[in-house]
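Novice: After the structure tokens below, expect a handful of questions from me.
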Amino acid sequence: MLTELKVEGLGVIERAELSLESGSSVLTGETGAGKTLVVAALALLMGGRAGRNLVRQGHSQALVEGRFIVARTSGAAAALVARDLIEDDASEDVEVVIARAVGTDGKSKSRVNGRLATLSVLSEMAPFLVEIAGQGEHDRIAESAWQRNALDSFAGEDARRLAGEVADAARTAARTARLLEELRLRERARARELDVCRFEVDEIERAGIQEGEADRLFSEARRLEHADALASGLEAAADLLDGESGAQERLFEAARSLTALTAKDPELKALADRLGAASYEVADIATEMKASIGAPDPVALEEARERLATLARLRRKYGNDEGDINDYLERARGRLFELEAADRDVERLEREHAAHLAAAHDAARALSGIRRKAAPELAARVESRLGELALSGASFEVGLQARDLYEGGLERVEFFIAANPGEKLGGLGTVASGGELSRVALALHLLSVHDSPGTLVFDEVDAGVGGRAALAVGRALSDLAHRSSSQVLVVTHLPQVAAFADAHYRVDKLESGGRSVAIVARTVGESRLEELARMLAGMPGSRRGRDHAEELLALAARPSGPQ
Numbered sequence: 094m095l096t097e098l099k100v101e102g103l104g105v106i107e108r109a110e111l112s113l114e115s116g117s118s119v120l121t122g123e124t125g126a127g128k129t130l131v132v133a134a135l136a137l138l139m140g141g142r143a144g145r146n147l148v149r150q151g152h153s154q155a156l157v158e159g160r161f162i163v164a165r166t167s168g169a170a171a172a173l174v175a176r177d178l179i180e181d182d183a184s185e186d187v188e189v190v191i192a193r194a195v196g197t198d199g200k201s202k203s204r205v206n207g208r209l210a211t212l213s214v215l216s217e218m219a220p221f222l223v224e225i226a227g228q229g230e231h232d233r234i235a236e237s238a239w240q241r242n243a244l245d246s247f248a249g250e251d252a253r254r255l256a257g258e259v260a261d262a263a264r265t266a267a268r269t270a271r272l273l274e275e276l277r278l279r280e281r282a283r284a285r286e287l288d289v290c291r292f293e294v295d296e297i298e299r300a301g302i303q304e305g306e307a308d309r310l311f312s313e314a315r316r317l318e319h320a321d322a323l324a325s326g327l328e329a330a331a332d333l334l335d336g337e338s339g340a341q342e343r344l345f346e347a348a349r350s351l352t353a354l355t356a357k358d359p360e361l362k363a364l365a366d367r368l369g370a371a372s373y374e375v376a377d378i379a380t381e382m383k384a385s386i387g388a389p390d391p392v393a394l395e396e397a398r399e400r401l402a403t404l405a406r407l408r409r410k411y412g413n414d415e416g417d418i419n420d421y422l423e424r425a426r427g428r429l430f431e432l433e434a435a436d437r438d439v440e441r442l443e444r445e446h447a448a449h450l451a452a453a454h455d456a457a458r459a460l461s462g463i464r465r466k467a468a469p470e471l472a473a474r475v476e477s478r479l480g481e482l483a484l485s486g487a488s489f490e491v492g493l494q495a496r497d498l499y500e501g502g503l504e505r506v507e508f509f510i511a512a513n514p515g516e517k518l519g520g521l522g523t524v525a526s527g528g529e530l531s532r533v534a535l536a537l538h539l540l541s542v543h544d545s546p547g548t549l550v551f552d553e554v555d556a557g558v559g560g561r562a563a564l565a566v567g568r569a570l571s572d573l574a575h576r577s578s579s580q581v582l583v584v585t586h587l588p589q590v591a592a593f594a595d596a597h598y599r600v601d602k603l604e605s606g607g608r609s610v611a612i613v614a615r616t617v618g619e620s621r622l623e624e625l626a627r628m629l630a631g632m633p634g635s636r637r638g639r640d641h642a643e644e645l646l647a648l649a650a651r652p653s654g655p656q
């Protein structure tokens, strides 16, 4: 429900504030006073198009702010929670403040509860907050989706349930179809990547690389390359150690000489022992050197060189060392798993798509049967209501045009109307005037065929209406406000309609500083009588007009009146 509307710098409105309550409210005033600008302000808050011509001359921007009380379980609250604009833990109704500023360049900025919001957010919440009937591009009643929902609501709980199932299944089927298409478009590139990935994993795995292997192979290759020189050198060195008159023999002789002297000088024993130990150590070294002498092995050398070449090639492709190559292998294995899983994803998505499509078709066929039965009944009920709203003789039809499955089912729902006898039926959104649209919307809401938003706005609902028909329209609007959970706001020029409202606001256009300024004020008591008298007789002070105004208010206050 809209509780407060603030407008600044919009058209002839310098600054206006409107505090609203539940029930029905009317806006009246002379032609051109700015009544429709209030409706335009609401349209802006609901994401409507903004033009630079809306900004009042002398202002840098037009500002509109609306305060709404939103039920915690409403669609608007769900949309706000999804966008993180309100907390998800609220247990009671929440206040939502929507503000929009339109600059002289036509660009606008919107905020919801103080946070920047896109127009798509406003449009998403609009169906739950405000519905405007009679304002051309803002008439949701002229949209096929609105009409389809109206028919399903009228058709009953089964239709509403099936419509939800069709929408969910069709949207899911469309989503899986898009995913499948994306996977198939990428199939060729994926197949190429899969081949490359498999080759890389196989190449590295077959190589069986070990940490530090290149360093070990390099040392081994050098040893094998110089096998002859190493053998000659080792053999010569060994001969110097244990050959005839070699180092080992000389050390042994020296040790024996010192040992013979220990009888004369015991302190020489330590030196003799050391020489003996050195003699044995040299003998061991000579033995090991001889054991290290190997014959040249060209086969082993070639194998080492080939292995080093393999490692060098892998380093050029996959990393600087064995560790990098093995890290690359792990990443390649992971990517290979993902690519191979894509095949399984395609199969799974194909099964899911077929299942969702079948479910959507089954629900849509059942829904079509209910719609075909309900369509003529709804048309007859609307025609009857339109007769009460000064459109007697009007023809109304609910058309069902078969089409391929979509989230709305297997048919396009469209309302057709011929406002006068003898006229050809035409689409509601193309042939109906603003007033006719408003009355069709009123008739549908009176039939409770649509989930009403918090605030219903009717503009021009009384166009071409007068006398008893105007009284019927006024009472119907009042009944709608009191029978439904919606707040009703009506822009009218008829006193018969205004008299039935719970709250009456007058829009006046005054001259200030050589410029026109619109002022919005609530009328109560005497001021309301004067406004109704002005609407009746064109003269606020007319005694006859005041008497008639009092009579109208008394008539509206009765439990029942002329219909």
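Converting from the sequence shown to the working numbering requires adding 93 to each position, the first position being numbered 1.
Just so you know, even glycine gets a beta-carbon here, dropped at the ideal spot from N, CA and C.
By the DSSP assignment, the alpha helix (DSSP H) with F430 in it spans what residues?
Specialist: Element bounds for F430: 415 to 481.
Novice: Give me, in chain order, the residues of the same chain whose beta-carbon lies closer than 8 Å to that of S118; leave out the 5 immediate sequence neighbours on both sides.
Specialist: Cβ within range, chain order: Q580, V581, L582, V583, A594, D595, A596, H597, Y598.
Novice: Would you call Y411 buried or exposed, if buried means 16 or more other Cβ atoms sit within 10 Å of its Cβ?
Specialist: With 16 or more other Cβ atoms within 10 Å, it is buried.
Novice: Cα separation between E185 and S167?
Specialist: Distance between the alpha carbons of E185 and S167: 11 Å.
Novice: Pair every Cβ in the segment 148 to 160 with every Cβ in the segment 100 to 113, then say whether three or more of these pairs are closer than 8 Å.
Specialist: In short, these stretches touch, since the Cβ pair count reaches three.
Novice: Check the C-beta distance from A495 over to E504 and give it rounded, since I have them as a contact under 8 Å.
Specialist: About 5 Å separates the two Cβ atoms, so the contact holds.
Novice: To which residues does DSSP link K99 through a beta bridge?
Specialist: E110, E158, per the DSSP bridge assignment.
Novice: With DSSP as the reference, label A585 as helix, strand or coil.
Specialist: One detail in the question is off: residue 585 reads as Thr in this sequence, not Ala. Residue state, collapsed to three classes: coil.
Novice: In this structure, does DSSP put R615 in helix, strand or coil?
Specialist: DSSP places R615 in strand when its eight states are reduced to three.
Novice: Determine the direct distance from the alpha carbon of A405 to that of E306, and round the result to whole angstroms.
Specialist: Between E306 and A405, the C-alpha separation is close to 11 Å.
Novice: How is the beta strand (DSSP E) around K202 delimited, first residue to last?
Specialist: Segment 201 to 205, the beta strand (DSSP E) holding K202.
Novice: Out of L629, E342, D552, V533, which has the shortest C-alpha to C-alpha gap to L376?
Specialist: Per the sequence presented here, residue 376 reads as Ala, with Leu not at that position. Nearest option by C-alpha distance: E342.
Novice: With a threshold of 6 Å on Cβ separation, who are the neighbours of E158 within its own chain once the five nearest residues in sequence on each side are excluded?
Specialist: Closer than 6 Å at the Cβ level, and outside the excluded window around E158, lie K99, A192.
Novice: Rounded to whole angstroms, what's the CA-CA distance from G144 to A134? Just pull it up for me.
Specialist: Taking the straight line from one Cα to the other gives about 12 Å.
Novice: Relative to the C-alpha of V662, which candidate in E110, V558, E440, A472 has its C-alpha closest?
Specialist: With the chain represented from 94 up to 656, any question about residue 662 goes unanswered, as that position is not in the structure.
Novice: Looking only at its own chain, which residues have a Cβ that is under 6 Å from the Cβ of E500, when we skip the five neighbours before and after it?
Specialist: Counting only Cβ-Cβ distances below 6 Å, and skipping sequence neighbours, we find A260, A263, R264.
Novice: Buried or exposed for A434, going by 16 or more other Cβ atoms inside 10 Å?
Specialist: Per the 10 Å Cβ criterion, exposed.
Novice: Run through DSSP, which three-state label would Q494 get?
Specialist: Correct three-state label for Q494: strand.
Novice: Just the Cα atoms here: how many angstroms apart are A574 and L564?
Specialist: Each residue's Cα considered, the two are about 16 Å apart.
Novice: What are the uninterrupted segments assigned as beta strand (DSSP E) that are 3 or more residues long and contained completely in the segment 205 to 282, given in chain order?
Specialist: Fully enclosed beta strand (DSSP E) runs of 3 or longer: 208 to 210, 223 to 226.
Novice: Would you list the residues sitting across from F489 in a DSSP beta bridge?
Specialist: Paired residue(s): I510.
Novice: With distances taken Cα to Cα, identify the nearest neighbour of A370 among V392, R281, A347, E360.
Specialist: Closest option to A370, Cα to Cα, is A347.
Novice: What residue range does the beta strand (DSSP E) around R193 cover?
Specialist: 187 to 196 is the extent of the beta strand (DSSP E) around R193.
Novice: My guess is that L442 and E286 are in contact by the Cβ rule of under 8 Å, so how many angstroms apart are they, rounded?
Specialist: Between E286 and L442 the Cβ distance is about 20 Å, and since that is not below 8 Å, they are no contact.
Novice: Would you say the segment 411 to 426 touches the segment 290 to 299, given that touching needs at least three Cβ pairs under 8 Å?
Specialist: Counting Cβ pairs under 8 Å, three or more are found: they touch.
Novice: Please state whether DSSP places Q303 in a helix, a strand or coil.
Specialist: Of the three classes helix, strand and coil, the one that applies to Q303 here is coil, per DSSP.
Novice: Looking at C-alpha atoms only, which residue of S115, G122, G116 is the closest neighbour of V613?
Specialist: Answer by Cα proximity: G122.
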